[in-house]
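Number of protein chains: 2
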Amino acid sequence: MSPPPKRIAFLVFPRLTFLDFVGAYDSLRRIPAMGIATEVTHRIIGTAGEIADESGLVLRPDSVYEDLASFDLLYVPGGLGTRALVDDERLIAYLRTWGPDRPLASVCTGALLLGRAGYLAGRRATTHHRAWDLLRPYCREVVTDRRIVDEGRIVTAGGVASSLDLGLYLVEKFWGAPARERIAAQMEYRGYSAV
Amino acid sequence: MSPPPKRIAFLVFPRLTFLDFVGAYDSLRRIPAMGIATEVTHRIIGTAGEIADESGLVLRPDSVYEDLASFDLLYVPGGLGTRALVDDERLIAYLRTWGPDRPLASVCTGALLLGRAGYLAGRRATTHHRAWDLLRPYCREVVTDRRIVDEGRIVTAGGVASSLDLGLYLVEKFWGAPARERIAAQMEYRGYSAV
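Chains A and B, in that order, are what the protein sequence lines are. If you're matching positions, the first sequence starts at 2 in the working numbering and goes up one per residue. If you're matching positions, the second sequence starts at 2 in the working numbering and goes up one per residue.
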């Protein structure tokens, strides 16, 4: 088990896939809500004051490009928006402020953003099965036969619904298997798998 | 297969469980997005202009208490907010405008709202495992050994993550098994089960 984070940042951006975010948000928000670690808090940080997903659902994040200095876990979802955002200098520079020491997680094509920011160089990673070719230039190896790839500080997951597995995987990584089992039971999620 | 809906209404309300909504939203929104039935549209209808979930996430719905006359599928998520909303006369009256003919679906404690509005009388239904006792007064039988209970016009599902199964179940019910399989593959959801 790694030292558990106390402040979690969820990044959201235009044309994200909402389930990429919510699938892990649901288990991680339960860490304090279910009394597993009541000191844990989170913030939903946007690239704009209102964020519309791939199908027009509008979310109002807690803040815009908030300073990441006080956080100790950054979660990056995917979505069609990543295709343009890999070339968005402001976003990539912002992701680089996270630096080399704190844990980072992505689901689906969120891995493309981590890759573009340089975090996957020399590492194994995964992403949505339709984006494997897009991810290859950024990493040592695209893993195509696992839902979750844990390279220690950086954990990447496959497409969309893998976000539920990733959230529970992070719960277990930081707070232990009993916490993961309790939260999965509360969520009535039966299919948990990292593989 | 029932006649497929063309206009889907997703209800959202204060202190909903966000994954209850998004788990089915993700598969249903893909019906037009993936070209399965391009005429299908949806609206996210709130009980207020801004909706905060159980953990503070803020959503801006497309409309507030929009007239339901033009819709042909209504989807009701659950969440801690349902405990108060079963006594909210405006919401219950609004749900009753749906009437006896059009299909209705709920996940998790959304079933309590359908029950309070009278839709479950004489029917079998299910809900989150911690809410079985709350649901009993509203229905003929609470089904405790299935994720999804299909009573023809009214389909109820179990807790939180059952929303992914419910969304895919509705896809199959209205657009057929090949559509369900295509969408599940795109979502990388492997654990689909109605049971």
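Where a beta carbon is used, it is the ideal one built from N, C-alpha and C, also for glycine. Here the structure is a predicted model, which means the values were calculated and not measured.
Does the beta carbon of residue i sit closer than 8 Å to a beta carbon anywhere in chain A?
i: Ser-71/B; result: no
i: Phe-175/B; result: no
i: Ile-45/B; result: yes
i: Gly-159/B; result: yes
i: Asp-27/B; result: yes
Please list the partners that residue i has in chain A, where partner means a Cβ-to-Cβ separation under 8 Å.
i: Met-35/B; result: The contacting residues do not exist; Met-35/B stays about 11 Å from chain A at best.
i: Glu-51/B; result: Arg-61
So with CB distances below 9 Å, who are the chain B contacts of residue i?
i: Ser-64/A; result: Those within 9 Å of Ser-64/A in chain B number zero; the least Cβ separation is about 12 Å.
i: Val-59/A; result: Ile-45, Leu-60, Arg-61, Pro-62 and Asp-63
What does residue i reach in chain A if we use C-beta pairs closer than 7 Å?
i: Tyr-14/B; result: In the sequence as displayed, the identity of residue 14/B is Phe instead of Tyr. By Cβ distance, chain A contributes nothing, its closest Cβ being about 15 Å from Phe-14/B, past 7 Å.
i: Arg-30/B; result: Ser-56
i: Val-23/B; result: Phe-19, Leu-20 and Val-23
Run through chain B and tell me which residues come within less than 7 Å of residue i, C-beta to C-beta.
i: Leu-165/A; result: Ala-162
i: Gly-80/A; result: Within chain B, no residue comes near Gly-80/A; the closest Cβ sits about 11 Å away, beyond 7 Å.
Which residue comes first and which comes last in the alpha helix (DSSP H) that contains residue i?
i: Arg-181/A; result: 178-188
i: Ala-162/A; result: No alpha helix (DSSP H) contains Ala-162/A, which DSSP labels as neither H nor E.
i: Gly-116/B; result: 111-117
i: Asp-21/B; result: 19-34
i: Ala-85/B; result: 83-86
i: Asp-134/B; result: 133-136
Roughly how many angstroms separate the alpha carbons of residue i and residue j, rounded to a whole number?
i: Ala-94/B; j: Pro-78/B; result: 17 Å
i: Gln-187/A; j: Arg-131/A; result: 32 Å
i: Ala-118/A; j: Leu-171/A; result: 22 Å
i: Arg-16/A; j: Leu-169/A; result: 24 Å
i: Arg-124/B; j: Leu-69/B; result: 23 Å
i: Gly-80/B; j: Val-108/B; result: 9 Å
i: Ala-10/A; j: Trp-99/A; result: 11 Å
i: Leu-115/B; j: Gly-82/B; result: 14 Å
i: Glu-189/A; j: Leu-20/B; result: 11 Å
i: Thr-110/A; j: Ala-122/B; result: 45 Å
i: Val-143/A; j: Tyr-120/B; result: 49 Å
i: Tyr-66/B; j: Pro-4/A; result: 46 Å
i: Pro-85/B; j: Val-196/B; result: As written in the sequence, residue 85/B is Ala, which differs from the Pro given in the question. Cα to Cα, Ala-85/B sits roughly 30 Å from Val-196/B.
i: Phe-72/A; j: Ile-184/B; result: 35 Å
i: Val-13/A; j: Leu-105/B; result: 31 Å
i: Leu-129/A; j: Trp-176/B; result: A small correction: the amino acid at residue 129/A is His; Leu does not occupy that position in the sequence shown. Rounded to the nearest angstrom, the two C-alpha atoms are 25 Å apart.
i: Ser-163/B; j: Asp-27/B; result: 13 Å
i: Lys-174/A; j: Ala-34/A; result: 18 Å
i: Glu-87/A; j: His-43/A; result: First, the amino acid is wrong: residue 87/A is Val here, not Glu. Cα to Cα, Val-87/A sits roughly 25 Å from His-43/A.
i: Ala-126/B; j: Glu-152/B; result: 8 Å
i: Arg-31/B; j: Ser-64/A; result: 29 Å
i: Asp-54/A; j: Leu-92/A; result: 17 Å
Does residue i come within less than 8 Å of chain B when only Cβ atoms are used?
i: Gly-100/A; result: no
i: Arg-191/A; result: yes
i: Leu-17/A; result: no
What residues from chain B crowd round residue i, counting only those whose CB sits closer than 8 Å?
i: Asp-204/A; result: No answer is possible for residue 204/A: it lies beyond the span of chain A, which begins at 2 and ends at 196.
Starting from residue i, trace the beta strand (DSSP E) both ways and give me its first and last residue.
i: Tyr-76/A; result: 74-77
i: Ile-1/B; result: Residue 1/B cannot be examined here, being either before or after the span of chain B that is shown, 2 to 196.
i: His-129/A; result: Unbroken run through His-129/A: none, as it is neither H nor E.
i: Phe-11/A; result: 8-13
i: Ile-149/B; result: 149-151
i: Arg-44/A; result: 42-47
i: Ala-106/A; result: 105-108
i: Arg-141/A; result: Neither: Arg-141/A is in no beta strand (DSSP E) and is coded neither H nor E.
State yes or no: is the beta carbon of residue i nearer than 8 Å to at least one beta carbon in chain C?
i: Ser-64/B; result: This model lacks chain C altogether; the protein chains it does include are A and B.
Taking only heavy atoms of the ligand NAD into account, decide whether any of them is closer than 7 Å to the Cβ of residue i.
i: Arg-117/A; result: You won't find the ligand NAD in this model; it holds no ligand whatsoever.
_Inter-stretch contact at 8 Å, needing at least 3 Cβ pairs: the stretch 43-53 of chain A / the stretch 147-157 of chain A_ = no
*Is it a yes or a no for the stretch 133-140 of chain B touching the stretch 158-167 of chain B, going by three-plus beta-carbon pairs under 8 Å?*
no
*Just checking, does the stretch 23-40 of chain B make contact with the stretch 176-189 of chain A on the three C-beta pairs under 8 Å criterion?*
no
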